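Reading through the structure tokens given below for one structure.
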Amino acid sequence: MESDEQKRLGNKKRTLGVGELELPRKLFHSSIGPIAIGIYISQVSRTIVLRLLTILLLVILVIDLFRLRSTVVGRGRFASLYESVVGRLMRESERQKLNSTIWYLLGAVISVASFKRDIAITSICILAFADTSASTVGRLLGRYTYTLPSPPFGQKKSLAGFTAAFLTGAFTSWLIWGSTFGQATIAEAGKLSTDTLSWTTESKLRFPLLMIVVGIISAVTESLDVHGLDDNLTIPVISGILMTLLLK
């Protein structure tokens, strides 16, 4: 039988395991996905989206730089106030560097500015959904599965997380191109301009294969370690580039 001390340590480990899931951060991270899909469906112009994202990026960047300066000169009131508001969404490693939200927004700005509408939204949704599912499943089940080689993949990346990212990426492609509202959006966008979409029902690449391709792209980009760059930047940009090349 387990001693009281062993039980206490076991309970502590289980509690830490739940804490390590970073649920508030994950919920915030994923919440961008539905917003992106809403923008896609409503056909908001690229110019408006870019303008709003850029303004938001600049505002948050200025605030975060002020926080870092406040931290450097001494545990200032602003840094304390900042962390009391959004501290639960931050990792400990981010307290001495730029908040990952900045890289998230920069990745979104680059995607919207560089890719066609459907690929831009899909790449942002891959970041919102596939990255979250891979991280959550990897933390829960990664210890029971194969660890991916590093490099080229990041340290502690597991087959469990890779598989979760693949399945979520495939599901995301269904949301954007295969679901009822996805098909309706494609039809409406086609009336406005054929240049807004990279894939339609007339494309040579059949939809089941499209789902597999996007799933693989999601899994690979989520797992890659690109010279230590923040994955909130690399995932949407690299996945957008790969989809642009493969959906031609």
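Start counting the sequence shown at 949; every next residue gets the next number (our numbering).
We treat Cβ as the ideally placed atom computed from N, Cα and C, and that holds for glycine.
Please read all numbers here as calculations on a predicted model, not as lab measurements.
Local Cβ density within 10 Å of residue i, reported as buried at 16 or more and exposed below that
{"i": "R956", "result": "Reliability of the predicted coordinates at R956 is poor, the pLDDT of 44 falling under 50, and the value obtained from them is presented with this limitation in mind. So R956 ends up on the exposed side."}
{"i": "Y1092", "result": "exposed"}
{"i": "P1184", "result": "buried"}
{"i": "H977", "result": "buried"}
{"i": "I1072", "result": "buried"}
{"i": "Q954", "result": "Confidence at Q954 is low in this model, with a pLDDT of 45, below 50, so its placement is unreliable and no value can be given for it."}
{"i": "S1187", "result": "buried"}
{"i": "G965", "result": "Confidence at G965 is low in this model, with a pLDDT of 49, below 50, so the placement of that residue should be treated as unreliable; the coordinate-derived value is given next. That one is exposed."}
Identified DSSP bridge partners for residue i
{"i": "F1101", "result": "L1172"}
{"i": "T1128", "result": "None, per the DSSP bridge assignment."}
{"i": "T1095", "result": "S1106"}
Segment limits, alpha helix (DSSP H) that includes residue i
{"i": "F1279", "result": "Nothing in the structure corresponds to residue 1279, since the chain is present only between 949 and 1196."}
{"i": "G1086", "result": "1079-1089"}
{"i": "I985", "result": "971-990"}
{"i": "N1047", "result": "Note, N1047: premise wrong, no alpha helix (DSSP H); not H, not E."}
{"i": "R1065", "result": "1065-1073"}
{"i": "S1187", "result": "1179-1194"}
Option in the options with minimal Cα separation from residue i
{"i": "S1106", "options": "V1161, G1090, S1018", "result": "G1090"}
{"i": "I985", "options": "T1095, I1069, T1128", "result": "I1069"}
{"i": "I1050", "options": "L1013, S1081, I1124, T1084", "result": "L1013"}
{"i": "P1099", "options": "T1192, H1175, Q991", "result": "H1175"}
Whole-number beta carbon distance between residue j and residue i, since they are thought to touch under 8 Å
{"i": "F1243", "j": "S1171", "result": "Residue coverage of the chain in this structure runs from 949 to 1196, which leaves residue 1243 outside it and unanswerable."}
{"i": "V1161", "j": "L1194", "result": "6 Å"}
{"i": "L1001", "j": "L1053", "result": "6 Å"}
{"i": "N1180", "j": "L1075", "result": "6 Å"}
{"i": "G1086", "j": "G1109", "result": "3 Å"}
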